[in-house]
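Colleague: Can you keep this structure in mind? I'll have questions shortly.
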Amino acid sequence: MGRGKIVIKRIDDSTSRQVTFSKRRKGLIKKAKELAILCDAEVGLIIFSNTDKVYDFASSRFLFYFSNSLDL
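Structure representation (structure tokens):
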């Protein structure tokens, strides 16, 4: 027996929303790092918060590949 589906909706309380954002941001960056290491993949991640802060992660060679693809 599986889990039931959860309805995804905006969190109304700003404090709870910020805490959830912070926790999920850390988890997402951790998953990106794991993907890069385990699969030898080039991973790039950019997160923009609602307070205009930018959080990013790039694997070691990602910026090299990304900048070369922009030159094409």
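UniProt numbering puts the first residue of the sequence shown at 1, with every later residue one more than the last.
Glycine included, C-beta positions come from ideal geometry on N, C-alpha and C.
The structure displayed is predicted, hence computed values, not measured ones.
So, is residue 41 buried or exposed, given that buried needs 16 or more other C-beta atoms within 10 angstroms?
Modeller: If you number the sequence shown from 1, residue 41 lands on position 41. That one is exposed.
Colleague: Is residue 44 helix, strand or coil by DSSP?
Modeller: Against the sequence shown, residue 44 aligns to sequence position 44. In the structure shown, residue 44 sits in a strand (DSSP, three-state: E or B).
Colleague: Cβ of residue 56 within 8 Å of Cβ of residue 63?
Modeller: Looking up residue 56 in the sequence shown gives position 56. Looking up residue 63 in the sequence shown gives position 63. Their beta carbons are not under 8 Å apart, which means residue 56 does not touch residue 63 by this criterion.
Colleague: On a Cα-Cα basis, can you pick out the residue from 59, 4, 10 and 3 that is closest to residue 35?
Modeller: As a working note, residue 35 is residue 35 in the sequence shown. Of 59, 4, 10 and 3, the residue nearest in Cα terms is 59.
Colleague: Given this structure, state the Cα-to-Cα distance separating residue 38 from residue 66, to the nearest angstrom.
Modeller: Indexing the sequence shown from 1 puts residue 38 at position 38. Indexing the sequence shown from 1 puts residue 66 at position 66. Taking the straight line joining both Cα atoms gives about 20 Å.
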